[in-house]
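See below for the structure under consideration.
Protein chains in written order, with my numbering: chain A, 112 to 473; chain B, 448 to 583.
Put into C-alpha cells, the structure is as follows:
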C-alpha cells in the first residue's frame with residue numbers, strides 16, 4: 112500500500128551512504144535523502160509528514176546533534192535517530208540531552224538493526240502524534256465545558272432568582288393586582304426555565320445519541336408541530352402556514368429532524384414584531400430523490416447583518432428580545448451536522464428571517 | 448437629624464422581569480427620586496453620556512447585571528468609566544447579578560465605580576441599608 116509507507120529522511124555528507132540507504136529501504140519506506148542539514152531543513156518544510164529522521168553525527172559545518180537541537184522547536188514531530196561510526200560518548204550524551212534522540216545507531220549499520228530501529232521509531236511517532244491530537248481535542252472539549260458550566264449556571268439560576276425576587280415583592284404587596292403581576296412573572300420564569308432544560312436535553316440527544324434512521328412520517332411530524340404552535344398563532348395573531356411537496360420517501364432521524372424544525376419554528380414565533388399588523392410564519396418542506404429541502408420564514412424582528420455569522424455559536428444571543436438561551440440555533444447546527452445537512456440564513460432587520468435547509472436522506 | 452439622602456436609579460438588566468423586580472425593590476426602599484430601566488446596556492450608556500436626568504445636583508445609583516447579550520456588564524463599565532469625570536463622578540454602580548463565578552466577582556470589583564456586588568434576589572432591607580451607608 113503506497114500511501115501507508117513510512118516517510119524516512121536520511122542525512123549524511125557521504126553520498127555513498129545515502130545511495131546505500133536508499134537502495135536498501137526504498138521498497139519498504141518512502142526514503143528522502145539530504146547531503147547537508149540545510150537541504151534536510153528544506154525537505155522538512157516541504158514534507159511535514161516525515162516520521163523518522165536519521166542523521167549522521169559528523170558532518171562539515173554542523174553535527175547531527177546540533178542539527179536536531181536546531182529543529183527541535185520548528186519540527187518537533189519526527190522521531191530522531193543518530194548514526195555515527197565513532198564511539199563518541201560526548202556526542203551520545205549530547206544527543207540524548209539536547210537533541211531528543213530516540214535511538215543511537217552504530218556505523219556501519221546492519222540492515223536488520225536499522226529496520227527494527229525505524230519500525231520502533233515509527234511506532235513511537237504514531238503514539239505521540241495521536242496523543243497530541245487527543246490533547247488538542249481535550250483542550251477544546253474542556254474550554255467548551257467551562258463555557259457550558261458558566262452559562263448553564265447563569266441560565267438555570269436566573270429564572271429561579273427572578274421567582275425568589277418576585278416572592279419577596281409579593282409578600283409586601285399592598286394590592287392583589289401587584290400579587291397577580293408577580294404570579295404572572297413567576298409562571299413565565301418557570302416556562303423559561305423549562306424551555307432551557309428542554310434545550311439541554313436536545314443538546315445531549317444530538318451530541319451523544321446514535322442516529323435512528325427510519326422513513327420519515329411527515330404527516331405525523333407536522334401534526335405534532337401544528338399542535339404546539341397552533342395556539343401560539345391564534346393568541347398572538349400570527350398566520351402559520353405549512354406547504355408540503357413530498358415525492359417518494361425520505362430516510363432520516365425523525366427526532367433530530369423534529370429538534371431542527373421545532374427550534375426554528377420556536378424562534379420564528381418568538382421573534383415577531385408585536386406592532387406589525389400581519390404577522391406570519393411559513394414552513395415549507397419538499398422531498399425529491401430522498402433529499403429534503405426545508406424553509407422556515409417569518410416577517411419578524413429579523414437579525415442585524417453584523418450578528419448573522421455568530422448566530423449558530425453556543426450561547427450567542429444577538430438580542431434581549433424573547434427568552435433566548437443562545438442554545439437553540441447551536442442545537443440546529445449540531446443536529447444538521449449529524450445528518451450531513453446544510454443551513455443558510457438570510458435576514459433583514461425589522462423585515463424578517465429565512466432559514467433554508469438542505470438534508471440528504473440516508 | 449441627618450436628612451435621608453435620595454438618589455436617581457438606573458437599572459440595567461436584559462430580563463424585563465428582573466428590571467421590574469429591581470424597580471419595585473428600589474421603590475419599596477423609599478430612597479429614590481426616580482427609577483429608569485434599560486434592557487440594553489448600550490441605551491443606558493447613551494442616556495448617561497447625554498446627561499442622564501439633567502439634574503446636576505443629584506447623585507445616581509446604577510444597578511447593573513453582568514451576563515447580558517450584545518453588551519454585558521463589563522463592556523458597559525469599560526465604556527462608562529471612559530466618560531468625562533464630571534459625568535461619572537455623579538454615579539456609583541451596584542452589581543446586581545445571579546453570577547456566583549469567582550472571576551466575575553474579582554473582575555467586577557476591579558472597577559473604580561463599583562461599590563457593591565449584590566446577589567439576586569434583591570431585597571428591600573438590604574437595598575435600604577446599602578443606600579443609607581453610601582458616601583459619594
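Heads up, the beta-carbon is just placed ideally off N, CA and C, and yes, glycines get one too.
{"Item": "Count the other CB atoms, across all protein chains shown, that sit within 10 Å of the CB of residue 583(B); report buried if there are 16 or more and exposed otherwise.", "Value": "exposed"}
{"Item": "How would you label residue 172(A), buried or exposed, when you count the other beta carbons within 10 angstroms and need 16 or more for buried?", "Value": "exposed"}
{"Item": "Taking its Cβ as the centre, do 16 or more other Cβ atoms sit within 10 Å of residue 323(A), making it buried, or is it exposed?", "Value": "exposed"}
{"Item": "Which class does residue 563(B) belong to by DSSP, given the choice of helix, strand or coil?", "Value": "strand"}
{"Item": "Identify whether residue 309(A) lies in helix, strand or coil by the three-state DSSP scheme.", "Value": "helix"}
{"Item": "If the criterion is Cβ atoms closer than 7 Å, does the pair residue 564(B) and residue 552(B) meet it?", "Value": "yes"}
{"Item": "Can you name, in chain order, every residue of its own chain whose Cβ lies under 8 Å from the Cβ of residue 335(A), other than the five neighbours on each side?", "Value": "369"}
{"Item": "Under 7 Å Cβ-Cβ, which residues of chain B neighbour residue 261(A)?", "Value": "548"}
{"Item": "At which residue ranges does the segment 487-531 of chain B contain complete alpha helix (DSSP H) runs of 4 or more residues, listed in the order of the chain?", "Value": "488-496 and 520-527"}
{"Item": "Taking 7 Å as the cut-off, decide whether the C-beta atoms of residue 142(A) and residue 133(A) are in contact.", "Value": "yes"}
{"Item": "Is the Cβ-Cβ distance between residue 481(B) and residue 466(B) less than 7 Å?", "Value": "no"}
{"Item": "Would you call residue 286(A) buried or exposed, if buried means 16 or more other Cβ atoms sit within 10 Å of its Cβ?", "Value": "exposed"}
{"Item": "Listed from N- to C-terminal order along the chain, which residues in the segment 295-316 of chain A have their beta-carbon within a distance smaller than 8 Å of any beta-carbon of chain B?", "Value": "296, 299 and 300"}
{"Item": "Can you name, in chain order, every residue of its own chain whose Cβ lies under 6 Å from the Cβ of residue 397(A), other than the five neighbours on each side?", "Value": "356 and 404"}
{"Item": "In chain A, what lies closer than 7 Å to residue 468(B) by C-beta?", "Value": "273, 276, 277 and 280"}
{"Item": "If you follow the beta strand (DSSP E) that residue 124(A) is part of, which residue opens it and which one closes it?", "Value": "From DSSP, residue 124(A) is part of no beta strand (DSSP E); its letter is neither H nor E."}
{"Item": "Could you give the C-beta distance for residue 469(A) and residue 317(A), rounded to a whole number, given that I count them as a contact under 8 Å?", "Value": "Incorrect: roughly 18 Å between the Cβ atoms, too far for contact."}
{"Item": "Would you mind stating whether residue 491(B) and residue 574(B) have Cβ atoms separated by less than 7 Å?", "Value": "no"}
{"Item": "Should residue 411(A) and residue 391(A) be called a contact, given that it needs their Cβ atoms to be closer than 7 Å?", "Value": "no"}
{"Item": "Distance, Cα to Cα, residue 113(A) vs residue 136(A)?", "Value": "Only weak support exists for where residue 113(A) lies, its pLDDT of 45 falling under 50; the value from the coordinates is given anyway. Taking the straight line joining both Cα atoms gives about 14 Å."}
{"Item": "Please return the same chain residues whose Cβ sits closer than 6 Å to the Cβ of residue 425(A), not counting the five positions on each side in sequence.", "Value": "441"}
{"Item": "Does the CB of residue 428(A) have a neighbour CB from chain B at under 7 Å?", "Value": "yes"}
{"Item": "What is the C-beta distance between residue 183(A) and residue 158(A), in whole angstroms, given that I count them as a contact (C-beta under 8 Å)?", "Value": "Residue 183(A) to residue 158(A), Cβ: 18 Å. No contact."}
{"Item": "Under 7 Å between beta-carbons, which chain A residues line up against residue 475(B)? List them in chain order, please.", "Value": "283"}
{"Item": "Which residue from 373(A), 312(A) and 365(A) puts its Cα closest to that of residue 341(A)?", "Value": "373(A)"}
{"Item": "Apart from the five residues on each side of it in sequence, which residues of its chain come closer than 6 Å, Cβ to Cβ, to residue 463(A)?", "Value": "409, 410, 411 and 413"}
{"Item": "So residue 124(A) and residue 146(A) are supposed to be a Cβ contact under 8 Å. How far apart are they, rounded?", "Value": "6 Å"}
{"Item": "Give the C-beta separation of residue 296(A) and residue 464(B) to the nearest angstrom, bearing in mind that I take them to be a contact with Cβ-Cβ under 8 Å.", "Value": "5 Å"}
{"Item": "Distance check for residue 188(A) and residue 163(A), CA to CA, integer angstroms please.", "Value": "9 Å"}
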